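These notes are about the structure you will find just below.
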Amino acid sequence: MANGLGRLKKTFDTVLYSGYEYLLTQEIKEFRVPGHIAIIMDGNRRYARKLGMTVWQGHNLGANTTENVLDWCYELGVKQITVYAFSTENQNRSDQEKQKIFELIGLKLEKLMQDERTHERRMRVRILGNIDLLPAGLKETARQAETITRNYDNIYLNIAMAYGGRQEIVDTARVLARKVKSGQLEVSDIDEDIISSHLYPSTSLAVPDVDLIIRTGGDERMSNFLPWQANGNECAAYFCVPYWPEFRKIDFLRSIRTFQTREYEWQKNTVQRIVRLLGHTGQVEVEQVIRMSMRAGDITTEEVLAILKDLSGNKEMKDVALVW
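Counting in my numbering, the sequence shown runs from 162 upward without gaps.
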């Protein structure tokens, strides 16, 4: 009897989970998704200890989660995914653990190169970091993955290995200093675009600003991850309790919703300020609001119209005469 009730509850929970996942997915598809998601995949070791597994098993389960997330990103149309695979701080771990991690990353890269989905999706693999710090075998595999996918441009997978955010900026400063010294670059030419183009990987298209950072495992910190691309962009951040091997699609969808909520609030405030500004001159033409909003930031005509409809019922906007 108890076993029967247990199975019934499990079935009921599965149905509820599937239904909630479906509803979340449909809601999210109605709005813009982040173009670039960066992920701090934390908690593999703690998850393994919790279940009495070896650290190696925890990292392996975490790698499986990463594969799932790539599928979810592709389904929603996310164009750039950056994963924090191995930081410069991780160099302090035991030689045995590092060896296992490097072996796992190498195996996953080889699988990625052979996976039909990589080529069907035209996914380009790029390595961020000082790969000279990696073992020779992994370094070669990483270069192969970059070479094999170098002509793809539909979706980008950026793998941060032997990566440290401050070191990235230091290395960039050194490259720029050498170019100035040799006469290849004028000091006056150095701006944000020049710096961005010399960050990792400096030999190809720059990694764009981050729209959303996800960190699992309960910690609420950035851990020296993409400081230039994330902090300067004031991106959304989603911190969640599940360890990386436990990270579910619902957790992923919730992170997207966090980004969309933050994005909508920014857009609404921008449009509202423009309407109030124009309201002092008399009637407010919707076409003018659209033009000014689009100049102010990354917002579409459809988004401005939807916000204006929402604002039309706002008490604070009742005295504004909108001309549609």
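All C-beta atoms in this analysis are idealised placements derived from N, C-alpha and C, irrespective of residue type, glycine included.
In this text the structure is predicted, and so the values were computed from the model without any measurement.
For Arg278, the three-state DSSP class (helix, strand or coil): Three-state DSSP puts Arg278 in a helix.
message: Looking at Thr377: is its Cβ nearer than 7 Å to the Cβ of Gly204?
response: Cβ distance < 7 Å, so Thr377 and Gly204 count as in contact.
field: Residues bridged to Ser248 [DSSP beta-bridge criterion]
entry: BP columns for Ser248 point to Tyr324.
field: Met284 - containing beta strand (DSSP E), residue span
entry: Start and end: Met284 to Leu289.
field: According to DSSP, residues forming a beta bridge with Tyr317
entry: Beta-bridge pairing by DSSP links Tyr317 to Gln241 and Arg285.
message: So, at 6 Å on beta carbons, what are the nonlocal neighbours of Lys269 in its own chain, with the 5 sequence-adjacent residues on each side left out?
response: Excluding residues up to 5 positions away in sequence, Ala224 lie with their Cβ nearer than 6 Å to the Cβ of Lys269 in the same chain.
- request: Please look up how many angstroms separate the CB atoms of Pro362 and Ile288, rounded, as I've assumed it's under 8 Å.
  value: Right, the Cβ-Cβ distance comes to about 6 Å (below 8 Å), so this counts as a contact.
- prompt: Ends of the beta strand (DSSP E) at Tyr399?
  reply: That run of the beta strand (DSSP E) goes Ala397 to Phe400.
- prompt: Going by alpha carbons, who is nearest to Leu318 out of Ala397, Cys234, Leu212 and Leu472?
  reply: Minimum Cα distance to Leu318 is reached at Cys234.
query: How about Phe247 and Pro296: do their beta carbons lie closer than 7 Å?
result: Remark: C-beta atoms of Phe247 and Pro296 do not approach each other more closely than 7 Å.
message: Given this structure, state the Cα-to-Cα distance separating Asn229 from Leu222, to the nearest angstrom.
response: Going by the C-alpha atoms only, they are around 11 Å apart.
message: I'd like the list of long-range same chain contacts for Gly440, defined as Cβ closer than 6 Å, with 5 residues on each side in sequence excluded.
response: Correct list, in chain order: Val481.
- prompt: Do you know offhand how far Ile316's Cα is from Ile198's?
  reply: Going by the C-alpha atoms only, they are around 12 Å apart.
message: DSSP three-state label for His220, please.
response: Reduced to three states, the DSSP call for His220 is helix.
- prompt: Taking Cβ to Cβ, would you say Val445 is nearer than 7 Å to Val436?
  reply: The criterion of a C-beta distance shorter than 7 Å is satisfied by Val445 and Val436.
- request: Could you tell me whether the Cβ atoms of Gly196 and Thr249 are closer together than 7 Å?
  value: It is not a contact, given that the beta carbons lie outside the stated cut-off.
- request: With a 10 Å radius around its C-beta and 16 neighbouring C-beta atoms as the bar for buried, classify Ser416 as buried or exposed.
  value: Ser416 is buried by the Cβ-count criterion.
task: Could you give the DSSP three-state label for Leu373: helix, strand or coil?
output: The answer is strand: DSSP assigns Leu373 an E or B state.
field: Local conformation of Val336 per DSSP, three classes
entry: Residue state, collapsed to three classes: helix.
- request: Let me know the secondary structure DSSP gives Glu446 once reduced to three states.
  value: When secondary structure is reduced to three states using DSSP, Glu446 falls in the strand class.
- prompt: For the putative contact between Glu424 and Arg193, defined by C-beta atoms under 8 Å, what is the C-beta separation to the nearest angstrom?
  reply: Contact annotation, Glu424 with Arg193: C-beta distance approximately 7 Å; criterion of less than 8 Å satisfied.
- request: Could you name the residues of the same chain whose beta carbon sits closer than 6 Å to that of Tyr208, not counting the 5 residues immediately before and after it, in chain order?
  value: Gly219, Tyr404 and Pro406.
task: Let me know the secondary structure DSSP gives Ile417 once reduced to three states.
output: Of the three classes helix, strand and coil, the one that applies to Ile417 here is helix, per DSSP.
field: Opening and closing residue of the alpha helix (DSSP H) in which Ala367 lies
entry: In the DSSP annotation of this structure, Ala367 is not part of any alpha helix (DSSP H), being labelled neither H nor E.
message: Here's a check: name, in chain order, each residue in its chain whose Cβ is nearer than 6 Å to the Cβ of Ala457, leaving out the five neighbours to either side.
response: Non-local C-beta neighbours of Ala457 in its own chain, meaning closer than 6 Å and more than five positions away in sequence, comprise Thr431, ordered along the chain.
task: May I ask you to list the residues that DSSP assigns as paired with Leu483?
output: Leu483 is bridged to Val445.
field: Ala199 - containing beta strand (DSSP E), residue span
entry: Per DSSP, Ala199 belongs to the beta strand (DSSP E) from His197 to Ile201.
query: Helix, strand or coil for Asn205 per DSSP?
result: Secondary structure at Asn205: helix, using DSSP grouped into helix, strand and coil.
- request: Would you kindly work out how many angstroms separate the C-alpha atoms of Thr226 and Phe408, rounded to a whole number?
  value: Going by the C-alpha atoms only, they are around 7 Å apart.
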